[in-house]
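K.L.:
Numbering (my numbering), first residue to last: 3 to 329.
My questions all concern the structure below.
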C-alpha cells in the first residue's frame with residue numbers, strides 16, 4: 003500500500019505514519035503556513051464531526067486532496083490531545099474507525115487481507131486467540147459476541163469471515179484509541195488555541211443538545227443515592243465523590259452548581275471541594291467521564307437497580323434514556 007489515496011483511507015497504519023513523517027517537513031513551519039491553517043481548519047471540522055456523531059458516510063474526506071486528508075487526521079489527533087478530553091478522544095476513535103471501515107468493506111479480498119494483517123489480524127484464518135478476542139469485543143454488547151456463546155478450539159475463538167471483518171473495525175478503534183493522547187508541546191498547543199477553543203465550545207453545545215436541561219427526576223438510582231447521602235450529611239467515599247462530580251459535570255452543571263451539592267457534607271471544605279470539582283471537570287487539562295455501571299458495582303455504589311438499569315451499562319446512558327421516556 004504505497005498510494006497516498008490508500009494511506010489517507012487508513013491513516014492510523016504505520017505506513018501512513020511513515021509517509022507523514024517524510025512529507026510534512028518541520029511541523030512548526032507547516033502549521034504557520036497558509037497550508038497549515040487550511041489543514042488545521044479541516045482537522046477541527048473532523049473533530050467536531052466526530053463529536054457530533056456525524057455519519058462518516060457523509061464525510062469520507064477532509065481537505066482538497068488525499069494528502070491533505072491524511073495530514074488533517076494527524077492534526078485532528080493533536081487537537082484532541084491538546085484538549086485531553088476523554089469524550090473527544092473516544093468520539094474521534096469511533097468516528098475514524100467507522101470511516102476507515104467504510105473504505106475497508108469496499109476493498110477486494112486481497113486488499114482486505116493485507117490491511118487486516120497490518121492490524122495484526124489474519125481474517126483468512128477465521129479465528130482469533132481468546133486473549134486477543136476478549137478485549138477486542140469488550141465494547142460490543144450483542145449476545146453473539148460473548149465468549150460463552152462462541153465456539154472455542156485450541157485456545158482460539160472460531161469466526162465466520164464476515165465476523166472477522168466486523169472485528170477489523172473494533173481493532174481500528176482500539177489502535178486509534180491506544181495512541182491517544184499524544185504528547186504535544188505546549189507551544190504547539192498554543193498555536194492551536196483558536197481551534198481548540200472552538201472545539202471546546204462545540205463540545206459544550208453538544209452536551210446541552212445531548213442531555214438538555216438538567217432533570218433530577220431522570221437521574222439513575224446510584225446518582226440519586228449519592229445525592230441523598232450528601233444531603234443527609236453522610237461522608238462519601240472518594241470514588242463516590244468522583245462519580246457524582248463527574249456525572250453532574252458531564253450533564254452540564256457548572257462548577258458552582260456542583261459545589262452547592264456538596265455543601266451539606268459534614269466535612270465540607272469550600273476550597274478543597276472547588277479544587278476537586280475543577281480537577282474532575284477539566285480545569286487540570288483532563289475532563290473525566292463518570293464511571294460505568296461495572297465500576298459502580300465493584301465499589302458497592304450500584305443500588306436500587308430498576309428496569310432501565312438492566313438495559314444500560316453507564317449512568318449517563320440511563321439518564322439520557324429516562325429523559326427521553328419522560329419527554
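All residues carry an ideal CB built from backbone N, CA and C; glycine is no exception.
Quantities reported herein were computed from a predicted structural model and do not represent experimental measurements.
Quick check: the Cα distance between residue 38 and residue 77, rounded to an integer number of angstroms?
P.N.:
So the two alpha carbons sit approximately 9 Å from each other.
K.L.:
By a C-beta neighbour count over all protein chains shown, 10 Å radius and 16 as the cutoff for buried, is residue 239 buried or exposed?
P.N.:
Result: exposed.
K.L.:
So residue 292 packs on residue 318, CB below 8 Å; how close in whole Å?
P.N.:
Yes, residue 292 and residue 318 are in contact; Cβ-Cβ is about 6 Å, under 8 Å.
K.L.:
If we ignore side chains and look at the alpha-carbon of each, how far apart do residue 19 and residue 227 end up?
P.N.:
Residue 19 and residue 227: Cα-Cα distance of roughly 48 Å.
K.L.:
If you measure between the beta carbons of residue 123 and residue 177, is that distance less than 8 Å?
P.N.:
No, the Cβ-Cβ distance between residue 123 and residue 177 is not below 8 Å.
K.L.:
Given a threshold of 16 other Cβ atoms within 10 Å of its Cβ, counted over all protein chains shown, does residue 219 qualify as buried or as exposed?
P.N.:
Under this definition residue 219 is an exposed residue.
K.L.:
State buried or exposed for residue 31, treating a residue as buried only when at least 16 other CB atoms are found within 10 Å of its CB.
P.N.:
Answer is exposed; the Cβ neighbour count stays below 16.
K.L.:
In angstroms with no decimal places, state the Cα-to-Cα distance between residue 41 and residue 73.
P.N.:
Roughly 7 Å between the two C-alpha positions.
K.L.:
Give me the Cα-Cα distance between residue 13 and residue 23, rounded to the nearest whole angstrom.
P.N.:
Straight-line Cα distance between these residues: approximately 12 Å.
K.L.:
Comparing alpha-carbon positions, which option in 101, 153, 89 lies nearest residue 183?
P.N.:
With distances taken between Cα atoms, residue 183 lies closest to 89.
K.L.:
Is the separation between the beta-carbon of residue 68 and that of residue 7 shorter than 8 Å?
P.N.:
A contact, by the Cβ cut-off of 8 Å.
K.L.:
On a CA-only basis, which of 236, 105, 224, 290 is nearest residue 268? Give me that one, please.
P.N.:
When only C-alpha atoms are compared, the closest one is 236.
K.L.:
To the nearest angstrom, how far is the alpha carbon of residue 190 from that of residue 91?
P.N.:
Rounded to the nearest angstrom, the two C-alpha atoms are 18 Å apart.
K.L.:
What do you reckon, are the CB atoms on residue 278 and residue 243 nearer than 8 Å?
P.N.:
Contact flag set, yes.
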